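2 protein chains.
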Amino acid sequence: MTQYPHGPSLAISLAAIARNYTLLSRQLMSGRSGAVVKANAYGLGVAQIAPALLAAGCRDFFVATLEEGIYVRKILSTESVPSTVYVFHGARKGESKDFLAHNLIPVLNDRMQIACWNHAGPAALHIDTGMCRLGVTPEEAIAIAAEGQKFELLLSHLACADEPSHPKNNQQLAAFRAVIQHFPGTPASFANSSGIFLNSDYHYDIARPGCSLYGISPNTDLPNPMEHVATLSAPVLQYRTLTQDTDVGYSATARMKAGTVLATVELGYADGFHRALSNHAFGYAGDVRVPLIGRVSMDMVSVDVTQVPAHLHTPDMRIAFICEQQPVDVLAEAAGTIGYEIFTGMGNRVRRMYA
Amino acid sequence: MTQYPHGPSLAISLAAIARNYTLLSRQLMSGRSGAVVKANAYGLGVAQIAPALLAAGCRDFFVATLEEGIYVRKILSTESVPSTVYVFHGARKGESKDFLAHNLIPVLNDRMQIACWNHAGPAALHIDTGMCRLGVTPEEAIAIAAEGQKFELLLSHLACADEPSHPKNNQQLAAFRAVIQHFPGTPASFANSSGIFLNSDYHYDIARPGCSLYGISPNTDLPNPMEHVATLSAPVLQYRTLTQDTDVGYSATARMKAGTVLATVELGYADGFHRALSNHAFGYAGDVRVPLIGRVSMDMVSVDVTQVPAHLHTPDMRIAFICEQQPVDVLAEAAGTIGYEIFTGMGNRVRRMYA
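Quick mapping for you: the protein sequence lines, in order, are chains A and B. With numbering that gives the first Met the number 0, the residue at position 195 of the first sequence is 194, and numbering never jumps. With numbering that gives the first Met the number 0, the residue at position 261 of the second sequence is 260, and numbering never jumps.
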């Protein structure tokens, strides 16, 4: 039985992440799957997740920054299996020696980064086929190929892969295909989580799933094929049975009737529980769905537990906000955002627990 | 001259926090001002801020949890000046010895907490006068007084103090006044930041400002009397001059004209830069206001820097998102939230810098 801490927690199944990795790998018709573990593995804890993915067969890890790369290398240094770590933001001027010292591969994004790197070691090239965010243009990439420059990997990133019918997917694919033929024999990486579920044309040599590993749906229209990974719950600080009709919380945005039983739960927006959830989201007390009442405070939120059997109104009761009954995507939609922002926003007071 | 790190940063003026503390103290017609430093001093860094407040004359610190209390005690243990640390969430069963060992004062919130604490040491009592969140009811408080129980401090919390004309302010004040007369000689604490600016009836013995110390406006209607404290900025990863009309970012939600100069900035929602800011907020490149273009990504956001002189388009340019020109309250409003959520949500990749 799980021993919960006195406070909010995110209980993370490393086994579920490993199974999600296996499911994604089996979906690929070509190449292999890497894993995106930037932003502390989307807030869930890269120190535990990177080794779990390595054990599941992953050999290619992607992070955003040099600092993240150094940390992942440190985490994986105790493992006997070799792995590759790519850094999306590339190498800045003066950082080459850090990349080499830590065996990190920069993803070079423009002519300036390529010039600063100056063939210091293995590097990847990012080609912008339609995100307009980072990467060289297709025309620049072709010119770079003509100069005879070599790369370990060619990358591009899909802008609309979660909408399979979006015309931009095909446009990006055509652009990527046209460019990479100028780099014969160089491996390519194109598909993010959603791209893996488009079709095999998008798979290439190394896929780069992120969200789907962590249980977020890779697709906005279809049932989520991924396994639930992380359960967010928090304990009740106090119960109160209203003896009269009463305003609840900041700015008195909710008014509850006499007889209502409220539970004040130890989870607030400082923990990453979005204030936008005020008054219109739900938690779960076991199998009972309990509505949020009033504004989310910095350290607390109130829920209506009137429908929860009274004998369960104890200090041991925890309210779950992300769980099998309410996946992260559902909570995110209630907050007007996506699961990625919910996970990456989880605060430092939320204890990560691993099983 | 400030040396910025290679990445997003929050530059925090401890001197401005100290001056804000002094301004609040002078505003008080009775009693003294404490400081609320829960949630890592609203995300800005309690390890630096608690000593700065102590040096400014603050002697009463308020945190949310036992863990936060232990940490603040550790931080202040090297200071020769004595101080008091109150823990809002109170003491759970079995935690008395931790509170006593670390010289922490629990704010007891209900009969169960009072019973568990069992006079183990000094404690405060929280009276709920209208928040309906934590605290005993006025009736319970009067009964507790009749039992002869003694407390170091009586607290209550205002629900609507940022709206000076809200009738709830007077109602809460009347309820608090009626209860505390049952505890003669016991100090009382009622005003949060906004309460300090209501009128002297709300001041009592110890005020508990939080947001205003950190530069957030204590009042939604009047000019902000507080000094700007924290500047959020991030470097440019890449510039791109569009050679044709181009979609920008995830889901192609923005389309920009040929000739536009975009800067991809190293700040995303994983850093606490809300995704809700997508397509309708601004940053500052020096004094030039630059609009956000497209969706905020996990690690990046694009801004239109066409109006910024071309000679400033260098890797050294930083885009500010919270600054004198754009206070945290303005950014928060663009994100549909309050400054408190912006500060407490700042991610771990955002380097806190102190001056």
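Ideal placement from N, C-alpha and C gives every residue a C-beta, glycine not left out. For clarity, every value in this text was computed on a predicted model and none was experimentally measured.
Quiz prompt | Pairwise C-alpha distance: residue 56 of chain B and residue 344 of chain B | solution = Those two C-alpha atoms are separated by around 28 Å.
Quiz item: At which residues does the alpha helix (DSSP H) containing residue 68 of chain B begin and terminate?
Solution: Residues 65 to 75.
Self-check item: Every unbroken beta strand (DSSP E) within the segment 117 to 195 of chain A, with a cutoff of 3 residues, ordered by chain
Solution: 123 to 125, 152 to 154, all fully within the segment 117 to 195 of chain A.
Quiz item: Is it a yes or a no for the segment 91 to 98 of chain A touching the segment 288 to 308 of chain B, going by three-plus beta-carbon pairs under 8 Å?
Solution: In the pairwise beta carbon analysis, the segment 91 to 98 of chain A is classified as not touching the segment 288 to 308 of chain B: fewer than three pairs are separated by under 8 Å.
Quiz item: Are residue 271 of chain A and residue 349 of chain A touching if we call contact CB-CB under 8 Å?
Solution: Closer than 8 Å, so yes.
Practice problem: Kindly indicate the opening and closing residues of the alpha helix (DSSP H) around residue 355 of chain A. | Solution: Shown here, chain A extends from 0 to 354; a query on residue 355 of chain A therefore has no answer.
Quiz prompt | Where the segment 187 to 211 of chain B meets chain A: residues whose CB sits under 7 Å from a CB there | solution = Hits within the stretch: zero.
Quiz item: In chain A, what lies closer than 7 Å to residue 249 of chain B by C-beta?
Solution: The contacting residues are 158.
Quiz item: Any C-beta of chain A sitting closer than 8 Å to the C-beta of residue 237 of chain B?
Solution: Answer yes: the Cβ-Cβ gap between residue 237 of chain B and chain A drops below 8 Å somewhere.
Quiz item: For residue 301 of chain B, which residues in chain A fall below 9 Å Cβ to Cβ?
Solution: Those within 9 Å of residue 301 of chain B in chain A are 131, 132.
Quiz item: For residue 57 of chain B, which beta-bridge partners are listed by DSSP?
Solution: In DSSP, residue 57 of chain B forms no bridge with anything.
Quiz item: Taking only beta-carbon atoms, is residue 336 of chain B less than 8 Å away from chain A?
Solution: It does: the Cβ of residue 336 of chain B has a partner Cβ on chain A nearer than 8 Å.
Quiz item: Which residues of chain B have a Cβ atom closer than 8 Å to the Cβ of residue 274 of chain A, listed in chain order?
Solution: Chain order gives the chain B residues near residue 274 of chain A as 336, 337, 340, where near means a beta carbon separation below 8 Å.
Exercise. Give the DSSP-derived three-state secondary structure of residue 341 of chain A in the structure shown.
Key: Reduced to three states, the DSSP call for residue 341 of chain A is helix.
Self-check item: Contact list for residue 263 of chain B against chain A, beta-carbon separation under 7 Å
Solution: Per Cβ cutoff of 7 Å: 132, 133.
Quiz item: Which chain B residues are close to residue 63 of chain A, counting only those with a beta carbon under 9 Å from its beta carbon?
Solution: Within chain B, the residues whose beta carbon sits less than 9 Å from that of residue 63 of chain A are 265, 267, 269, 297, 298, 299, 348, listed in sequence order.
Quiz item: Taking Cβ-Cβ distances below 9 Å as the criterion, which residues of the segment 4 to 38 of chain A are in contact with chain B?
Solution: Residues of the segment 4 to 38 of chain A with a Cβ closer than 9 Å to any Cβ of chain B, in chain order: 5, 6, 37, 38.
Quiz item: Quick check: the segment 237 to 252 of chain A against the segment 53 to 70 of chain A, are there 3 or more CB pairs under 8 Å?
Solution: Contact annotation: the segment 237 to 252 of chain A does not touch the segment 53 to 70 of chain A, with fewer than three C-beta pairs closer than 8 Å.
Quiz item: Can you name, in chain order, every residue of its own chain whose Cβ lies under 8 Å from the Cβ of residue 58 of chain A, other than the five neighbours on each side?
Solution: Answer for residue 58 of chain A: 31, 33, 80, 81, 82, 83, listed in chain order.
Exercise. Could you list which residues in chain A have their beta carbon closer than 8 Å to that of residue 344 of chain B, in chain order?
Key: Here the neighbours are 268, 269, 271, 344, 346.
Self-check item: Through-space distance from residue 4 of chain B to residue 10 of chain B, alpha-carbon basis
Solution: One C-alpha to the other measures close to 11 Å.
Exercise. Check the Cβ of residue 218 of chain A against every Cβ in chain B and list those closer than 8 Å, keeping chain order.
Key: For residue 218 of chain A, no chain B residue has a Cβ inside 8 Å of its Cβ, as the nearest lies near 14 Å away.
Quiz item: Within the 8 Å Cβ cut-off, does residue 288 of chain A reach chain B?
Solution: For residue 288 of chain A, no CB of chain B lies under 8 Å from its own CB, so it is not counted at the interface with that chain.
Quiz item: Is the Cβ of residue 256 of chain A closer than 8 Å to any Cβ of chain B?
Solution: Chain B contact via Cβ: absent.
Practice problem: Say whether chain B places a C-beta atom closer than 8 Å to the C-beta of residue 351 of chain A. | Solution: No, residue 351 of chain A does not count as interfacial toward chain B.
Quiz prompt | Beta-carbon proximity of residue 19 of chain A to residue 340 of chain A, cut-off 8 Å | solution = No. Outside cutoff.
Quiz item: Considering only residues of the same chain and omitting the five flanking positions on each side of residue 0 of chain A, which have a CB-CB separation below 8 Å?
Solution: Unreliable positioning characterises residue 0 of chain A in this predicted model, as indicated by a pLDDT of 45, which lies under 50. The coordinate reading is nonetheless provided below. Cβ contact annotation for residue 0 of chain A (same chain, cutoff 8 Å, sequence separation greater than five): none.
Quiz item: For residue 0 of chain B, does the three-state DSSP call read helix, strand or coil?
Solution: Confidence at residue 0 of chain B is low in this model, with a pLDDT of 45, below 50, so its placement is unreliable and no value can be given for it.
Quiz item: From this set, A/131, A/14, A/42, A/72, which residue's C-alpha is nearest residue 209 of chain A's C-alpha?
Solution: The shortest C-alpha separation from residue 209 of chain A is found at A/42.
Self-check item: Contact set between residue 91 of chain A and chain B, taken where Cβ atoms lie within less than 8 Å
Solution: By Cβ distance, chain B contributes 5, 314.
Quiz item: Does the beta-carbon of residue 232 of chain A have 16 or more other beta-carbons within 10 angstroms, so that it is buried, or is it exposed?
Solution: With 16 or more Cβ atoms within 10 Å of its Cβ, residue 232 of chain A is classed as buried.
Quiz prompt | Endpoints, alpha helix (DSSP H) assigned at residue 98 of chain B | solution = Looking at the DSSP string, the run of the alpha helix (DSSP H) that includes residue 98 of chain B is 95 to 100.
Practice problem: Look at residue 220 of chain A and residue 193 of chain A and say whether their C-beta atoms are less than 8 Å apart. | Solution: For the pair residue 220 of chain A and residue 193 of chain A, the CB atoms are not nearer than the 8 Å cut-off.
Practice problem: Report the three-state DSSP secondary structure of residue 318 of chain B (helix, strand or coil). | Solution: In the displayed model, residue 318 of chain B falls within a strand according to three-state DSSP.
Quiz item: Are the C-beta atoms of residue 246 of chain A and some chain B residue less than 8 Å apart?
Solution: Taking Cβ atoms only, chain B reaches closer than 8 Å to residue 246 of chain A, which makes this a yes.
Quiz item: When you compare each of B/249, B/251, B/234 to residue 284 of chain B by their alpha carbons, which one comes out closest?
Solution: Of B/249, B/251, B/234, the residue nearest in Cα terms is B/234.
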